[in-house]
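Visitor: Shown below is the structure under consideration.
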RNA sequence: GGGCGAUUAGCUCAGCUGGUAGAGCACUUGCUCGACAAGCAAGGGGUCACUGGUUCAAGUCCAGUAUCGCCCACCA
């Protein structure tokens, strides 16, 4: 038992000072390393942040949530492990470094591959370091000895091996297909990396002459520039308008190339003219149609979005400039039939916002359907549970309609594809094959092809390490729903494929943090406050608590810096309550005190009962991921019950002249409940709670390893709760009367209470506590039933409270107040009476509900009766 | 074109299995009572988006409508 050190709790509370102290101590004590516990290990890993820059408030929310759950589980006795790390984030990082080079007047092409990669690594060192500092500042209980980076040698090896294994199973293939190409980033993308946005464009109708006739066929398009690469016109086979043209040749305007008119089921005869121009190299649908008809593909737009050598006169023009010029040219030549405004969607690169160009190229793909099957089953069988549950539908829908995954990227920053070529030979291997002359594939892998291995690659896979043995599968993944496809679903697939089981049991989706205007916070928008600045200004504890307090289950979080005051004020409140308690604890070693030896007062039994309830509430909320509700319950208990009522009720018993036994009990209970509050609060606000805990009597080295409280059944005491509730109502009523009578706040007032024997006994028993709480000068219980002649009055649970203040109160005002109160109750009474007259209600409602209404009726009538008499007595008293 | 979510006090949101509408902030009034003005005390403020239905009883369950938001979708 440490006696604690009350002087340590200085006033005022200074978060910066407190928060600088504890992280090193926790690390020193190995708090964050796994240590044997009960039950299965509780393993969580970080969704590795991109090394592109600093963290956002969204990350801060995620870290707060993960650390909350980890610290709770650790205190509850589980073996816990939080694996930290970072993601190399291929495109994102390469883009920011390229941007930096551009600002310096350099380019990656100038540098060449190796020098460029050195630049990126330097960037990674700089910004990765910033991220790590931020994570420590938040207080996350990560095991830094297990820190991982997706481009670490061991991790890279895992990526290579995963590629090789999938290739061996025939699940990876190379193909020449239309992919989403970003001309800005100069790389292929997966479908998930493309955002579809609606644009107000045009629909142009072009007329293609039919060779050898004076007829023509008209086609509609939103992308006239692609017509240079048309190799056919397609119509529906049963479209009678065009039946006679099938098999004829059309002459492609501007290019004067002859292209066939073909029939294909995919054409919708009802759209546009019912005839479609076919550009196999620049449209995925057209590509499919072309395959069916053996049509050639002519690429007319290059990797940078510029018209190429097949574009004739338009060669060298940017694709959007070319569009304009081609429309003009078609119009001049009489081939433009009409132009209509048209709303449609275009794909944009989610990284650079560049309009995506469907582009025919050689890429590597993963065949996804076989991988999706076990991931679907895992969710359906409940082996993996999503919170909130509605995400299951979204997850399943995606998996059940999954398409193959384009994993090659034409970038330099990333895992180079482990494929080697020599002459006509191809070898898939992490290492160069023996012999001379092997050339490795130039492309790198999609970032997500490395991060989908995260839950086991961080534990040493493919080696059978003790960590992998012990800590796979993980318990929980906490992340944003915006990466449910990118990452979550793919991790589940990889988990089953490489480890034979789901990577985690639970997935908890946090809120998306938006700014006050509802825009998603992001680095690119620059609308996220700097988390470090927030923590410097308000304290990490305050920020953490507030984020949890604010995060609604399954809804977005609208963040406003001002809201952080909630957490800051709360931390301050806890600090000051602890100051009060620690100053009054005395010298006795409270750990030696046995509860059974104490004579607990009613207030003591009440707060212990309330505390037991709070423990139950908070624990239940955490178990079901209702995190803000847990924070709320704790906030309310600490502030409104412990501070506002219990500490005030205890104060009179802490004085020198109080009864020693009562003082001892009050000290012990105040300490015990404070200790319990600190334990419950520690996962939310680790720093301030540790600081306080160390300053008061405690056992153990650190609060981080103290036991999570349990709700003691013996502490639950409904009687005590009812009785203190009455006392509270009584005190509030006196305070209210004082305000209503406009009495100076400093003035002590006489009070008379009438009520039943039990109520009067209670008032007598708690007299010493009631006096200061309600600022009462003299408290008289009216045993003989007499009542003051002129008084302001109120009715509390059937008892009457009087402020006998002849000459001081405004009699008319008091009468009006009583009348208003009576009118309000009369309304209620009517409602209750109506219910009780209703035969259906009496017959069908549950007996206890009917009984409650009857009780309420009696109470209302009694209260009204008393109010009436109070009014009468005022009338009589009036001179 | 599908799917999901939201609509409750001025603002941001709770309200789990139907049974007398809640919190924080903001607002009003009064407080240097030895923990805390980052505080204390007392207040004002809501036809729970709309329309039907189920029920003795609906903010809560069902159906529909409206508005806003998000996700998915290769109709040129």
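In the working numbering, the protein residues as written are 5 to 883. Heads up, the beta-carbon is just placed ideally off N, CA and C, and yes, glycines get one too. Small disclaimer: the values here were computed from a predicted structure and weren't measured.
Please confirm whether residue 702 and residue 711 have their CB atoms less than 9 Å apart.
Guide: Against the first chain, residue 702 aligns to sequence position 698. Against the first chain, residue 711 aligns to sequence position 707. Contact flag unset, no.
Visitor: Quick check on residue 21: buried or exposed, where buried means 16 or more other Cβ atoms within 10 Å of its Cβ?
Guide: Residue numbering aside, residue 21 sits at position 17 when the first chain is read from its first letter. Exposed, by the Cβ-count rule.
Visitor: In chain order, what residues of the same chain have a beta carbon less than 8 Å from the beta carbon of residue 342, not counting five sequence neighbours either side?
Guide: In the first chain, counting from the first residue as 1, residue 342 sits at position 338. If we look at residue 342 and ignore the five residues flanking it on each side, its Cβ neighbours are 208, 209.
Visitor: Count the other C-beta atoms from every protein chain shown that fall within 10 angstroms of the C-beta of residue 366, then say buried if there are 16 or more, exposed otherwise.
Guide: On the first chain, position 362 is the one that residue 366 refers to. Looking at its Cβ environment, which holds fewer than 16 other Cβ atoms inside 10 Å, residue 366 is exposed.
Visitor: As an exercise, report each continuous alpha helix (DSSP H) stretch of at least 4 residues that is fully enclosed by the stretch 34-80, in chain order.
Guide: 61-79
Visitor: By the 10 Å Cβ neighbour count, where 16 or more other Cβ atoms means buried, how is residue 216 classified, buried or exposed?
Guide: Here residue 216 is taken as the residue at index 212 of the first chain, counted from 1. Exposed is the call here.
Visitor: By DSSP, does residue 207 sit in helix, in strand, or in coil?
Guide: Translated into positions along the first chain, residue 207 becomes position 203. Reduced to three states, the DSSP call for residue 207 is strand.
Visitor: Could you pull out every residue in the same chain whose Cβ sits closer than 8 Å to the Cβ of residue 24, ignoring the five residues on either side in sequence?
Guide: Counted from its first residue, the first chain places residue 24 at position 20. Excluding residues within five positions, none has a Cβ falling inside 8 Å.
Visitor: Just verifying my parser: in three-state terms, what is the DSSP assignment at residue 561?
Guide: For the purposes of this step, residue 561 is identified with residue 557 of the first chain, where counting begins at 1. If DSSP states are grouped into helix, strand and coil, residue 561 belongs with the strands.
Visitor: Give the C-beta separation of residue 757 and residue 803 to the nearest angstrom, bearing in mind that I take them to be a contact with Cβ-Cβ under 8 Å.
Guide: If you number the first chain from 1, residue 757 lands on position 753. If you number the first chain from 1, residue 803 lands on position 799. Sure, about 6 Å apart at Cβ, within 8 Å.
Visitor: Taking a contact to mean a Cβ-Cβ separation below 9 Å, would you say residue 168 touches residue 438 in this structure?
Guide: As a working note, residue 168 is residue 164 in the first chain. As a working note, residue 438 is residue 434 in the first chain. Against a cut-off of 9 Å, the Cβ pair of residue 438 and residue 168 comes out as no contact.
Visitor: Where does residue 790 fall in DSSP's three states?
Guide: Counting from one through the first chain, the residue named residue 790 turns up at place 786. Three-state DSSP puts residue 790 in coil, outside helix and strand.
Visitor: So, under 8 Å CB-CB, residue 364 and residue 180 are touching, yes? Tell me the CB distance rounded to an integer number of Å.
Guide: Counted from its first residue, the first chain places residue 364 at position 360. Counted from its first residue, the first chain places residue 180 at position 176. Yes, they are in contact, since the Cβ atoms of residue 364 and residue 180 sit about 7 Å apart, within 8 Å.
Visitor: Quick check on the DSSP output: the alpha helix (DSSP H) that includes residue 184 runs from which residue to which?
Guide: For this step, residue 184 is matched to residue 180 along the first chain. Careful: residue 184 lies outside any alpha helix (DSSP H), inside the beta strand (DSSP E) at 176-186.
Visitor: Three-state secondary structure (DSSP) at residue 349?
Guide: For this step, residue 349 is matched to residue 345 along the first chain. Of the three classes helix, strand and coil, the one that applies to residue 349 here is strand, per DSSP.
Visitor: Is it right to say residue 883 is buried, meaning 16 or more other beta carbons lie within 10 angstroms of its own, or is it exposed?
Guide: Along the first chain, one-based indexing puts residue 883 at 879. Its pLDDT being 49, under 50, residue 883 is placed unreliably in this model, and the value from its coordinates should be taken loosely. Looking at its Cβ environment, which holds fewer than 16 other Cβ atoms inside 10 Å, residue 883 is exposed.
Visitor: Looking at residue 806 and residue 823, is the spacing between their C-beta atoms short of 9 Å?
Guide: By one-based count along the first chain, residue 823 stands at place 819. By one-based count along the first chain, residue 806 stands at place 802. Contact: no.
Visitor: For residue 608, count the other beta carbons within 10 Å of its own beta carbon; 16 or more makes it buried, fewer makes it exposed. Which is it?
Guide: Indexing the first chain from 1 puts residue 608 at position 604. When all chains shown are included, residue 608 counts as buried.
Visitor: Give me the residue from 89, 149, 801, 227 with the minimum Cα distance to residue 36.
Guide: Walking along the first chain from the start, residue 36 turns up at place 32. Residue 149 is the option with its Cα nearest to residue 36.
Visitor: Distance check for residue 52 and residue 481, CA to CA, integer angstroms please.
Guide: Here the question's residue 481 lines up with position 477 in the first chain. Here the question's residue 52 lines up with position 48 in the first chain. Rounded to whole angstroms, the gap between the alpha carbons of residue 481 and residue 52 is 12 Å.
Visitor: Quick check: what's the CA-CA separation for residue 30 versus residue 658?
Guide: As a working mapping, residue 30 is identified with position 26 in the first chain. As a working mapping, residue 658 is identified with position 654 in the first chain. Each residue's alpha carbon lies about 35 Å from the other.
Visitor: Taking just the CA atoms, how far does residue 874 sit from residue 773?
Guide: Stepping through the first chain from its first residue, residue 773 is reached at position 769. Stepping through the first chain from its first residue, residue 874 is reached at position 870. Those two C-alpha atoms are separated by around 27 Å.
Visitor: Is the separation between the beta-carbon of residue 646 and that of residue 677 shorter than 9 Å?
Guide: Counted from its first residue, the first chain places residue 646 at position 642. Counted from its first residue, the first chain places residue 677 at position 673. Cβ distance < 9 Å, so residue 646 and residue 677 count as in contact.
Visitor: Grab me the residues of residue 4's own chain with a C-beta within less than 8 Å of its C-beta, minus the 5 sequence neighbours each way, in chain order.
Guide: The structure shown does not extend to residue 4, since the chain is modelled only from 5 to 883, so the question has no answer here.
Visitor: To the nearest angstrom, how far is it from the Cα of residue 160 to the Cα of residue 454?
Guide: Stepping through the first chain from its first residue, residue 160 is reached at position 156. Stepping through the first chain from its first residue, residue 454 is reached at position 450. If I take the Cα positions, the gap works out to 8 Å.
Visitor: Quick check on residue 722: buried or exposed, where buried means 16 or more other Cβ atoms within 10 Å of its Cβ?
Guide: Counted from its first residue, the first chain places residue 722 at position 718. It is exposed - the Cβ of residue 722 has fewer than 16 other Cβ atoms within 10 Å.
Visitor: Could you check which residue in 354, 615, 12, 412 has the C-alpha nearest to that of residue 188?
Guide: To locate residue 188, count along the first chain from 1; it is residue 184. Residue 354 is the option with its Cα nearest to residue 188.
Visitor: Helix or strand or just coil, what does DSSP make of residue 91?
Guide: Here residue 91 refers to the residue found at position 87 of the first chain. Strand.
Visitor: Given a cut-off of 9 Å on the beta-carbon distance, is the pair residue 716 and residue 616 in contact?
Guide: Here the question's residue 716 lines up with position 712 in the first chain. Here the question's residue 616 lines up with position 612 in the first chain. Result yes, Cβ atoms of residue 716 and residue 616 sit closer than 9 Å.
Visitor: Residue 817 lies in the alpha helix (DSSP H); which residues open and close that run?
Guide: Residue numbering aside, residue 817 sits at position 813 when the first chain is read from its first letter. First-last of the alpha helix (DSSP H) with residue 817: 815-841.
Visitor: Whole-angstrom Cβ separation of residue 456 and residue 491, contact assumed at under 8 Å?
Guide: On the first chain, residue 456 is found 452 positions in, with the first residue counted as 1. On the first chain, residue 491 is found 487 positions in, with the first residue counted as 1. Going by Cβ atoms, the distance from residue 456 to residue 491 rounds to 7 Å, so yes, they are a contact pair.
Visitor: Just the Cα atoms here: how many angstroms apart are residue 308 and residue 291?
Guide: As a working mapping, residue 308 is identified with position 304 in the first chain. As a working mapping, residue 291 is identified with position 287 in the first chain. Straight across, the Cα-Cα distance linking residue 308 with residue 291 is about 21 Å.
Visitor: Apart from the five residues on each side of it in sequence, which residues of its chain come closer than 6 Å, Cβ to Cβ, to residue 390?
Guide: Within the first chain, the letter at position 386 stands for residue 390. Cβ neighbours of residue 390 beyond the five flanking positions: 396, 511.
Visitor: Less than 9 Å between the C-beta atoms of residue 242 and residue 253, yes or no?
Guide: The residue you call residue 242 lines up with position 238 of the first chain. The residue you call residue 253 lines up with position 249 of the first chain. No. Outside cutoff.
Visitor: Please identify the residue among 857, 815, 842, 846 whose C-alpha is closest to the C-alpha of residue 833.
Guide: In the first chain, counting from the first residue as 1, residue 833 sits at position 829. Sorting 857, 815, 842, 846 by C-alpha distance to the C-alpha of residue 833 places 857 at the top.
Visitor: Let me know if residue 530 comes out buried or exposed under the rule of 16 or more other beta-carbons within 10 Å of its beta-carbon.
Guide: For the purposes of this step, residue 530 is taken as the residue at position 526 of the first chain. So residue 530 ends up on the exposed side.
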